[in-house]
Structures are given as C-alpha cells and as structure tokens.
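Okay, so here's the structure we're looking at.
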Amino acid sequence: MRTAAATIQSVGTRYRTFSAKKFRAYTLGNINELTGFRHLPETARRSVRIAGNVLPFKTNNYITDELIDWERAPEDPLFLLTFPQREMLHPPHFERMAEALRDCESLTTIKQTANQIRLELNPNPAGQKSQNVPRLDGEIVEGCQHKYNETVLFFPREGQTCHAHCTFCFRWPQFTGLKELRFAAKETERLVEYLRRHEEVTDVLITGGDPLFMTTVNLERTIQAILDADIPHVQSIRIGTKVLSFWPYRFLTDPDAGLLLDLFYRVNDSDKQLALMANFSHPRELDTDAVQEAVYRILRTGTQIRTQCPILRNINDDPQIWAAMWRKQVNMGCIPYYMFIARDTGAQHYFGVPLTDAWRIFHESYKQVSGLARTVRGPVMSTTHGKIQVLGEMSLSGDAQKKFVMQFLQSRNPDWVTRPFFVDFDPELNWIDEDALRKANPDFIDFGA
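So the sequence shown is residues 14 to 462, counted in the working numbering.
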C-alpha cells in the first residue's frame, strides 16, 4: 500500500523540511519563563494570574514564539486567544478569586473557590449533559454525545487536553479537573455497538479537548476500531482540532508525524472520508511556514480541511479579518465552513457580539469573497434545540417592529431544518435561549419534543 509519507515525498517541489521543534507548554507554574510576559505591566501580569486560576490557562512555544506580537500585548489578538484577562471574568468572580489568592489560603481552598466560580459559568450549555448523552441497553454510553441524527461525537480519554487552551473555549470544563463536568471515554467497544444499532448515523466526530494531542498509536486505536467494524452507514470520520493553529509541527517534526499522515491516508483509502474540522480564529494563524506546510501535507493524504471559528469581540469582530481569513483558507485548499456565535458559557460576556453586529460582519465579509469561499455559513448559534443561523433583519409588512430572520441548520427534530422564523429585534441580543424561542413561537416547533 502506498503511504502518505511516500505520496508527500513524491511531489517534490512543495515538500519542505523543518528543524525539529520540541513542544514546550507554559502554565501558571512557569509563565515567568516567558520574556515577553515578564515585560508586561504588573497589572497585566496580575490579571492573567488571577483569571488563569478560573479559566484554564495553557499556551506553548509555537504560540509565544511565532504567533504573538509581544509589542502589542496585552491587546494583541493572538495573546488574548490563550492568556486569560481580568475582563474575561465577571467583576465579582475576579474579586473573589483575587481575595482567595491574596489571603494566601491553602491550595485546596483556592481550588474550591475556583470551582465554585466555574459552576456559575454555565459549564455545559445546550443540554450537553442532560439531553445529548446516548444510551445503549438503558445505560449511558460514556464519552459520547448524540444530538443530531447523523452525527455522533466521541471524546477519547487521551484526547481531552490541547496544545493550548483557548480563552473562548466552550468546552473549558474538560480542562478543570471537575470530573462531573467532563466527557471522556475509556474504550471504543460501546461506541462501535451504538453505531451498529443506529443506522441514521453517517458521521463520527472525534473531539475533545483535541484528539490530535494524542499519540498516533492512541488515535489509531479509536479510528481503527471504527474501520474494522465495517459499518456501511458510517461514511465519514471527522476530527475536531485546533492543532493547525496551535502546533502545526504535529505534522512536520513530531516523532510520529509520518505515522499520523499515514493513518490519514489509510482512512481515505478505505470507504470512509476523513475531515479535519480546523479552528482558525485570526488570519495570522495562517501565515507561518509551518502551518502552510502542514496543511499541504494533510491535503495530500486526501483529507478535507473545513475551517470554523466563533466571531469574537476583541479578536476578529471585523469583516476585513474574516474576508482575509476565508480567502487565505481557500488559497491553501481549505473549505470555509462555519462562523459561530460565542456560546453562552465561560467568558461569553467578553467575547460575545450582538447578533445584529455579527450578521453585519458576516454580510460585509461574505460579499467580498468569491463563490469558493461562500461555502461558509453564519452567523450560527449551537443552542439546546439545534444550530440556528441568523439570516438577516427585516420589517414585516404592516408591522413597524424590526425582526431577525432565522432558521435551523441542524436540529434535534430534522423537520425544523431550513424553515425560517422571526425573532423580535433587540440590538443587545447575543444569544437565542429557550425563552426567546418560545416568544418567537415558530409554529413548527414543539417545545415538548
């Protein structure tokens, strides 16, 4: 069998070698080793230390060496992606954490304070714990979610961490040590049996955390179990990842980089399609030689790369940024997929953009790009009932009140998909919750379903 490594070597003109880069993580324990961080004002350093005790903090030497513009920190958008800020916590939460640290309480008490605050940040939104967990013979299938008919999410235990922690991450509870908030699977047998019994499932999304933090051996164990099961209705395997943004050396110089590319090639050489659901938050993440070469090598294996990210105040809430990002992604061979709305968890109050502004930014950026980039859909909210897209704003005939026009792109009830409905316009609205949907009262929604 021809391997991905052999395929990459054969193309010749684009294949580039890179010096090995050893992964180095930075947390609150060794943050002062960063020269750029030490040069920040004391108030900025204190902000990171306090907020970083609540919102999980981790960055790495690729981000600090090749992405962050330290001359612009702490306002630099790539700095804000991984360094928690005072404003990312509500003032009472920040002061409570600051007081616990200031009083030099025990590490146990400090952790308890942090966990109390975390539980007030809506840690598992959109019914992740209450409604999305599948059952097999009456028992929960650990480490899985099944919200939409076609797609099952799988959270392998070894993949429930990342090369860095996004400050906007809606799955931040995975990294806090609170086991009751965490999704993780120890084995794949029950996943495979669940897939066998559910013929409506066509896609398995391996997610986290970041599955590509796993060694190739561990990732292969999960994927090979799905391939060996030979389930005809499972057609696609997806991997949700931020690795291209935060550690592209995973495909270049990591010890098992070649094995990982070979695994990708083998999946695509079977009867399944492999897709990376890659998260890019800012065009600068696409600029390094490392990420461009990594994308090139992945695409040579036949793997699709679909790109997605939330619109984030203080980081990318500008149509020029999105237009530039989509153009660059298309130029690199990627497929723009989603512009999300920041979920109602964690630091949403800091990152969230009102729906009217999010739609305007989407509209202004979308109209600047060619049809190849217009595969992207947005702005989209992943709510309890499904993925809701804001289609625009309008005033109904005979009704002076302005309305949002929306539709479901995905739903627990497939019959709701693509059916437009109206929501009362509110310039401050940044999320559609259960109450807003009930008030909108689209006639096709059965809230008891």
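Glycine included, every Cβ here is placed at the ideal spot set by N, Cα and C.
Item to complete: Just grab the DSSP bridge partners of Cys-322 for me.
Response: Met-352
Discussion item. If contacts are defined as beta-carbon pairs under 8 Å, then Leu-180 and Leu-93 qualify, I think. What distance do you get, rounded to the angstrom?
Written reply: Note that residue 180 corresponds to Thr in the displayed sequence, not to Leu. So it is a contact: roughly 7 Å between Cβ atoms.
Fill in: Where Pro-90 falls: helix, strand or coil (DSSP)
helix
Worksheet item: Can you tell me whether Val-61 is buried or exposed, with buried defined as 16 or more other CB within 10 angstroms of its CB?
Response: buried
Discussion item. I believe Leu-265 touches Thr-229 by the beta-carbon criterion, under 8 Å. Please report the beta-carbon distance rounded to the nearest angstrom.
Written reply: At roughly 14 Å, the Cβ-Cβ gap does not stay under 8 Å, so Leu-265 and Thr-229 are not in contact.
Practice prompt. Check Ser-258 in the structure and name its three-state DSSP category.
Written response: helix
Worksheet item: If you draw a straight line from the alpha carbon of Lys-380 to that of Ala-355, how long is it in whole angstroms?
Response: 22 Å
Worksheet item: What's the C-alpha gap between Tyr-363 and Arg-373?
Response: 19 Å
Worksheet item: Who are the near neighbours of Thr-174 in its chain, counting only those whose CB is closer than 6 Å to its CB and skipping five residues on each side?
Response: Gly-222, Phe-226
Worksheet item: What do you get for Ala-19, buried or exposed, if any count of 16 or more other CB atoms within 10 angstroms of its CB means buried?
Response: Its pLDDT being 48, under 50, Ala-19 is placed unreliably in this model, and the coordinates cannot settle the point.
Worksheet item: DSSP three-state call for Asp-177: helix, strand or coil?
Response: One point to set straight first is that residue 177 is Ala, not Asp, in the sequence displayed. Looking at Ala-177 - three-state DSSP - the assignment turns out to be coil, as it is neither helix nor strand.
Discussion item. Which residue wins for smallest C-alpha separation from Arg-131, given the options Asp-150, Arg-234, Arg-184?
Written reply: Arg-184
Worksheet item: What is the DSSP secondary structure of Met-394, counted as helix, strand or coil?
Response: strand
Worksheet item: Among Ala-291, Asn-329, Lys-400, Arg-51, which has the Cα closest to the Cα of Ile-348?
Response: Ala-291
Discussion item. Buried or exposed, going by whether 16 or more other CB atoms sit within 10 Å of the CB of Glu-224?
Written reply: Strictly speaking, residue 224 in this sequence is Pro, with Glu absent from that position. With 16 or more Cβ atoms within 10 Å of its Cβ, Pro-224 is classed as buried.
Fill in: Reference Asp-267; option with closest CA among Gln-286, Lys-285, Arg-251, His-176
His-176
Worksheet item: Does the Cβ of Cys-117 have 16 or more other Cβ atoms within 10 Å, making it buried, or fewer, making it exposed?
Response: exposed
Item to complete: Return the chain-ordered ranges of every beta strand (DSSP E) run that is complete within the region 400-450 and spans a minimum of 3 residues.
Response: 415-424, 434-437
Discussion item. Within 10 Å of its beta-carbon, does Glu-152 have 16 or more other beta-carbons around it, so buried, or fewer, so exposed?
Written reply: exposed
Worksheet item: So, is Asp-243 buried or exposed, given that buried needs 16 or more other C-beta atoms within 10 angstroms?
Response: exposed
Practice prompt. With distances taken Cα to Cα, identify the nearest neighbour of Ile-13 among Thr-215, Phe-434, Val-67, Thr-369.
Written response: This structure does not reach residue 13, given that the chain is present from 14 up to 462, and the question cannot be answered.
Discussion item. Measuring straight from C-alpha to C-alpha, what distance separates Val-217 and Arg-170?
Written reply: 16 Å
Worksheet item: Which of helix, strand or coil does DSSP assign to Asn-463?
Response: Since the first and last residues shown for the chain are 14 and 462, residue 463 lies out of range.
Practice prompt. Could you please give the first and the last residue of the uninterrupted beta strand (DSSP E) stretch that includes Thr-164?
Written response: 164-167
Worksheet item: Between the Cα of Asp-428 and the Cα atoms of Leu-287, Lys-34, Asn-162, Ala-38, which residue gives the shortest distance?
Response: Asn-162
Discussion item. Mapping the DSSP letters down to three states, classify Val-24 as helix, strand or coil.
Written reply: For Val-24, the pLDDT reaches just 40, beneath the cut-off of 50, and the residue's location in the model is therefore unreliable, leaving the point undetermined.
Worksheet item: Is Thr-26 buried or exposed, if buried means 16 or more other CB atoms sit within 10 Å of its CB?
Response: Because the pLDDT of Thr-26 is 43, which lies under 50, any placement of that residue in the model is unreliable, and the number read from its coordinates should be weighed accordingly. Counting Cβ neighbours within 10 Å, Thr-26 comes out exposed, since fewer than 16 surround it.
Discussion item. By the three-class DSSP mapping on this structure, what secondary structure does Asn-454 have?
Written reply: coil
Worksheet entry | Chain-order list of residues whose beta-carbon lies under 7 Å from that of Val-24 (same chain, five-residue window excluded) | Bear in mind that the predicted position of Val-24 carries a pLDDT of just 40, short of 50, making it unreliable; the figure below should be weighed with that in mind. Only Arg-313 meet the Cβ criterion.
Practice prompt. Using beta-carbon positions only, say whether Arg-326 and Gly-384 come within less than 8 Å of one another.
Written response: no
Worksheet item: How is Ile-244 classed by DSSP in three states: helix, strand or coil?
Response: coil
Discussion item. By the three-class DSSP mapping on this structure, what secondary structure does Ser-60 have?
Written reply: helix
Item to complete: Could you check what DSSP says for Gly-253 in three-state terms: helix, strand or coil?
Response: strand
Worksheet item: Going along the chain, which residues of its own chain have a beta-carbon closer than 8 Å to the beta-carbon of Asp-370, five neighbours each way excluded?
Response: Asp-330
Worksheet item: Taking the Cβ atom as the reference point for each residue, do Ala-64 and Leu-91 lie within a distance shorter than 8 Å?
Response: no
Worksheet item: Going straight from the alpha carbon of Gly-42 to that of Lys-71, what length do you get?
Response: 10 Å
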